[in-house]
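S.K.: Per the UniProt record's numbering: the sequence shown = residues 273 to 644.
Here you go, one structure.
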Amino acid sequence: AAAEKGGYPSFMEKEINDQPDAVAQTLLGRTNGEGVLTLDELRVDPSVLKSINRIIVLACGTSAYAGQVARYAIEHWCRIPTEVELSHEFRYRDPIVDERTLVVSISQSGETMDTLMAVRYAKEQGAVTVSICNTNGSTIPRESDAVLYTHAGPEIAVASTKAFLAQITATYLLGLYLAQLRGNLFQGQIKDILAELAKTPAKIARVLENAEQVKELARSMAETRTVLFLGRHVGYPVAMEGALKLKELAYIHAEGFAAGELKHGPIALIEEGQPVIVVVPSPRGRDSLHAKVVSNIQEVRARGAKTIVIAEEGDESVREHAEHVFYIPETSTLLAPLLATVPLQIFALELATAKGYDVDQPRNLAKSVTVE
Ligand code: G6P
Numbered sequence: 273a274a275a276e277k278g279g280y281p282s283f284m285e286k287e288i289n290d291q292p293d294a295v296a297q298t299l300l301g302r303t304n305g306e307g308v309l310t311l312d313e314l315r316v317d318p319s320v321l322k323s324i325n326r327i328i329v330l331a332c333g334t335s336a337y338a339g340q341v342a343r344y345a346i347e348h349w350c351r352i353p354t355e356v357e358l359s360h361e362f363r364y365r366d367p368i369v370d371e372r373t374l375v376v377s378i379s380q381s382g383e384t385m386d387t388l389m390a391v392r393y394a395k396e397q398g399a400v401t402v403s404i405c406n407t408n409g410s411t412i413p414r415e416s417d418a419v420l421y422t423h424a425g426p427e428i429a430v431a432s433t434k435a436f437l438a439q440i441t442a443t444y445l446l447g448l449y450l451a452q453l454r455g456n457l458f459q460g461q462i463k464d465i466l467a468e469l470a471k472t473p474a475k476i477a478r479v480l481e482n483a484e485q486v487k488e489l490a491r492s493m494a495e496t497r498t499v500l501f502l503g504r505h506v507g508y509p510v511a512m513e514g515a516l517k518l519k520e521l522a523y524i525h526a527e528g529f530a531a532g533e534l535k536h537g538p539i540a541l542i543e544e545g546q547p548v549i550v551v552v553p554s555p556r557g558r559d560s561l562h563a564k565v566v567s568n569i570q571e572v573r574a575r576g577a578k579t580i581v582i583a584e585e586g587d588e589s590v591r592e593h594a595e596h597v598f599y600i601p602e603t604s605t606l607l608a609p610l611l612a613t614v615p616l617q618i619f620a621l622e623l624a625t626a627k628g629y630d631v632d633q634p635r636n637l638a639k640s641v642t643v644e
C-alpha cells in the first residue's frame, strides 16, 4: 500500500501532488500542431453543436463546483447561456430542455446515481448529452451521446482533489472547442488561452512546493470550530470547494460565500478570532473585482476576523489586511481556480491529519454514491 501511495502518507496527499500531471494528461493530445483543438473523441455532429442555444451542467459534490467554474468560462468564451444545477434538483423540477439544449454532466466516477438519472431524463427530453468523466467505460459516459474523458488517473481517496482540477481543465477544452466551432473567438485567441493552460501544470507544481507554509498554519488551527471562505467570480466556487474539503476531511463547520453577499448576511457571523479564508482575484483582472474583495477583507478584519488570503504573486496590497498570505503564480482570471484550489486542499488535508482523522476514508462518505 505504501508503494501505491507513491511514498506519501495517504492517497489524498498523493493525489493532491498528482495534480500537475492530472491537468497535463487531460490537455494531452487534444490539439494539432497549429494550436487547433481536435476533440475527435467528442462524437457529436458539429452542426448539432453549432445549433445549441443553451447549456445545462449537471453534477453533484465537488464535480458541481467544477461546473460552476466552467460556467464563467463557457459563457465568456461562447456566449451561450449556461446554467449549473445539482443533478438531484434538476431531475425533479420539470426543467425546460429540448434538442437545442446541451447537457454536460460532470462525474469523476461516472456512476453517481443522481447524475445518471438526470442525464437519462435530459436525453428523454431530447437534449444532446456530453459526459465529462474520469472513469473509462462507466455508466454515465456509456449512456451519453458523447464523452470527454478527464485523464487524472484513478482517484482513490473518497474526497475529490485531482479529478476536480482535471474536470475544470476538460470544461475549458469543451468551452474553447465550442467557441472554435461557432466562431466566437479568433483562432489566435484560442491558441493564446491554450498556451496559458499548458503552463498551469508547472504553476500547480510551484504551489505544491510551498505546501509547508499552508500546512504549518493548518496545524496551528486544529482546534478551530468554524471557518468561512469568501470568493468572487471564479473564486466563489473555489471558496465553496475549500469549505467542502474542510467539512469532508476535518469535520469542521465551514461555509463558502460569494464575497459580494457578505453584507447581506454572513458578516453577522464575524466575531473576534473567526477565521476567514479569502480567495482574491488578480489585480490585473477587469471590473475592479480585486479592489472589492480587498475591501471585503478589511470589513471582516475590522470586526475581528483572522484573515487568511490566497492572492496572486506580486499582489502586495493584501499583506497589510491579512494575518497570512499564500501566493499563487500569475495566470488569467478564468484559469486561476486551477491554482487557487490547491492551498485549500492542502489546508483541509493537514488540519484533518493534525486531528488524527483518516483523510482517505472520511466518516459517513462514499467515493461514489450509487443510490438516489
Ligand atoms: C461523492 C464523493 C465526492 C464527489 C461526489 C460526486 O460525494 O465523496 O468526492 O465529488 O460524490 O461524484 P462523481 O463521481 O459523480 O464526480
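Here a beta-carbon is modelled for each residue, glycine too, at the ideal position from N, C-alpha and C.
Fair warning: this is a prediction, and the values are worked out from it, not measured in the lab.
1) Measuring alpha carbon to alpha carbon, tell me which residue in Arg372, Leu610, Pro555 is nearest Gly316.
2) Of all the options Thr613, Arg635, Asn636, which has the alpha carbon lying nearest to the alpha carbon of Tyr337?
3) Using only the alpha-carbon positions, how far apart do Gln570 and Met512 sit?
4) Taking 6 angstroms as the line, does the beta carbon of Gln617 fall inside it for any heavy atom of ligand 1?
5) Within this structure, are the beta carbons of Phe501 and Ile549 separated by less than 7 angstroms?
6) Tell me whether Ala431, by its Cβ, gets closer than 6 angstroms to a heavy atom of ligand 1.
7) Extract the residue ranges of the beta strand (DSSP E) inside the segment 345 to 418, only unbroken runs of 3 or more that lie entirely within it.
8) Whole angstroms are fine: how far does the CA of Asp370 sit from the CA of Ile324?
9) For Tyr393 and Leu480, I'd like the C-alpha separation in whole angstroms.
10) Which first and last residues belong to the alpha helix (DSSP H) in which Lys578 is found?
11) Quick one: which unbroken alpha helix (DSSP H) runs of 4-plus residues sit fully inside the segment 425 to 500? Chain order, please.
12) Do you know how far the Cα of Ile378 is from the Cα of Tyr421?
13) Using 10 angstroms around the beta-carbon of Asn636, count the other beta-carbons present and answer buried if the total reaches 16, otherwise exposed.
14) Assuming Thr298 contacts Thr472 under a Cβ cut-off of 8 angstroms, what Cβ separation, rounded to an integer in Å, is found between them?
15) Whole angstroms is fine: what's the gap from Thr407's alpha carbon to Ser640's?
16) Quick check on Ile368: buried or exposed, where buried means 16 or more other Cβ atoms within 10 Å of its Cβ?
17) If you follow the alpha helix (DSSP H) that Arg315 is in, where does it begin and where does it stop?
M.R.: Result, derived from the coordinates:
1) Translated into the one-based positions of the sequence shown, residue 316 becomes position 44. What sits at residue 316 in the sequence shown is Val, not Gly. Of Arg372, Leu610, Pro555, the residue nearest in Cα terms is Arg372.
2) Taking the first residue of the sequence shown as 1, we reach residue 337 at position 65. Of the listed residues, the one whose Cα sits closest to Tyr337 is Thr613.
3) The sequence position of residue 570 within the sequence shown is 298, counting from 1. The sequence position of residue 512 within the sequence shown is 240, counting from 1. Roughly 21 angstroms separates the two Cα atoms.
4) Position 345 of the sequence shown, counting from 1, holds the residue named residue 617. No, Cβ of Gln617 sits at least 6 angstroms from all heavy atoms of ligand 1.
5) The residue labelled residue 501 in the question sits at position 229 within the sequence shown. The residue labelled residue 549 in the question sits at position 277 within the sequence shown. Yes, Cβ-Cβ distance for Phe501 and Ile549 is below 7 angstroms.
6) The residue labelled residue 431 in the question sits at position 159 within the sequence shown. Yes.
7) 354 to 358, 373 to 379, 400 to 405, all fully within the segment 345 to 418.
8) By 1-based counting over the sequence shown, the position of residue 324 is 52. By 1-based counting over the sequence shown, the position of residue 370 is 98. Approximately 9 angstroms between the Cα atoms of the pair.
9) On the sequence shown, position 121 is the one that residue 393 refers to. On the sequence shown, position 208 is the one that residue 480 refers to. If you take the alpha carbons of Tyr393 and Leu480, they lie about 41 angstroms apart.
10) One-based indexing of the sequence shown puts residue 578 at position 306. For Lys578, no alpha helix (DSSP H) segment is defined; the enclosing uninterrupted segment is the beta strand (DSSP E) at 578 to 584.
11) 434 to 454, 459 to 470, 472 to 481, 483 to 492
12) To locate residue 421, count along the sequence shown from 1; it is residue 149. To locate residue 378, count along the sequence shown from 1; it is residue 106. Their backbone Cα atoms lie some 10 angstroms apart in a straight line.
13) Counting from 1 along the sequence shown, the entry for residue 636 is found at position 364. By the neighbour-count rule (16 or more Cβ atoms within 10 Å), Asn636 is not buried but exposed.
14) In the sequence shown, the residue the question calls residue 298 occupies position 26. In the sequence shown, the residue the question calls residue 472 occupies position 200. The pair is not a contact, with the Cβ atoms about 10 angstroms apart (cut-off 8 angstroms).
15) As a position in the sequence shown, residue 407 is number 135, starting the count at 1. As a position in the sequence shown, residue 640 is number 368, starting the count at 1. Rounded to whole angstroms, Thr407 to Ser640 spans 12 angstroms at the Cα level.
16) On the sequence shown, residue 368 is found 96 positions in, with the first residue counted as 1. Counting Cβ neighbours within 10 Å, Ile368 comes out exposed, since fewer than 16 surround it.
17) Numbered from its first residue, the sequence shown carries residue 315 at position 43. Counting along the chain, Arg315 falls outside any alpha helix (DSSP H), and DSSP gives it neither H nor E.
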